[in-house]
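> Residue numbers (our numbering): 119 to 371. Where is the CB? At the ideal position from N, CA and C, for every residue including glycine. First the structure, then my questions, so here it is.
Structure below.
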């Protein structure tokens with residue numbers, strides 16, 4: 119049997135929540151959200167293979183990463199994923215029945231396409247990917263700036279992310295490169311129709327990474343409840359989204 123991923127745990131009672139981070143930063147970036155959720159739920163936060171607590175772990179592809187996450191928190195009632203973690207969470211919810219699924223700053227397809235205007239443009243992504251090839255760790259700082267763009271307190275967002283850029287354990291280059299590949303190629307729009315869980319989309323109204331209009335699509339495709347956080351960009355839990363998510367996760371319905 120494959121060794122389970124290492125996790126952080128918050129809270130002692132309530133629904134069992136798996137909390138998944140996104141590209142470039144391990145679960146420490148989401149500490150305020152994890153701690154707040156711990157007041158309403160039992161939160162298990164696995165770092166992705168190649169990140170943080172699991173910096174020495176690997177996965178073969180997107181599906182293997184999802185399998186490792188599901189094996190680590192097999193009895194999850196709720197899965198919450200931010201950004202790339204939202205893609206992983208959505209795939210999880212399409213494979214097994216969950217009670218609830220929360221997507222934060224996430225979308226079933228990260229890249230724009232002729233029939234999908236809600237993602238990142240190819241020009242912006244390619245410029246970022248080229249910068250990553252030249253200097254992977256500097257590309258994380260660039261992503262922090264992009265994540266803060268449009269936020270009412272952009273300085274706080276940048277400072278929060280920058281404070282963890284050099285804190286070990288650092289993500290492996292392989293994990294970063296693999297994550298960019300997933301963001302570029304994974305398209306889960308069809309998988310959405312197989313999700314039986316109740317869905318919440320929590321999105322910064324000013325997000326420049328993923329268009330908040332993706333919430334409207336999720337509402338039509340999966341009956342998602344959409345919450346746009348005013349003044350927030352790609353890290354909406356820093357601008358008041360925490361209360362909305364905690365209330366939704368802890369609700370009995």
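Please list, in chain order, all residues of the same chain as residue 148 whose beta carbon is under 8 Å from its beta carbon, the five residues on each side excluded.
Excluding residues within five positions, the ones whose Cβ falls inside 8 Å are 137, 139, 163, 200, 355.
> Mind listing, in chain order, the continuous alpha helix (DSSP H) runs of no fewer than 4 residues lying wholly within the segment 170-199?
Complete alpha helix (DSSP H) runs here, min 4: 180-190.
> If you scan the segment 216-278 from start to end, which runs of the beta strand (DSSP E) of 3 or more residues do you find wholly inside it?
The segment 216-278 contains these whole beta strand (DSSP E) runs: 218-222.
> Report the rounded CA-to-CA distance for residue 232 versus residue 157, giving the unit in angstroms.
Cα-Cα distance, rounded: 43 Å.
> Would you tell me roughly how many angstroms separate the C-alpha atoms of residue 217 and residue 185, rounded to the nearest one?
Going by the C-alpha atoms only, they are around 18 Å apart.
> Measuring CB to CB, does residue 205 end up less than 8 Å from residue 306?
In contact: residue 205 and residue 306 (Cβ atoms closer than 8 Å).
> Residues in its own chain within less than 8 Å of residue 223 by CB, not counting five upstream and five downstream?
Correct list, in chain order: 140, 200, 201, 204, 320, 321, 322, 325, 327, 328, 352, 353, 354.
> Do you know how far the Cα of residue 250 is from the Cα of residue 155?
Cα to Cα, residue 155 sits roughly 33 Å from residue 250.
> Which stretch, first to last residue, makes up the alpha helix (DSSP H) that contains residue 292?
Counting along the chain, the alpha helix (DSSP H) containing residue 292 begins and ends at 291-303.
> Do you know how far the Cα of residue 301 is from the Cα of residue 239?
Each residue's alpha carbon lies about 12 Å from the other.
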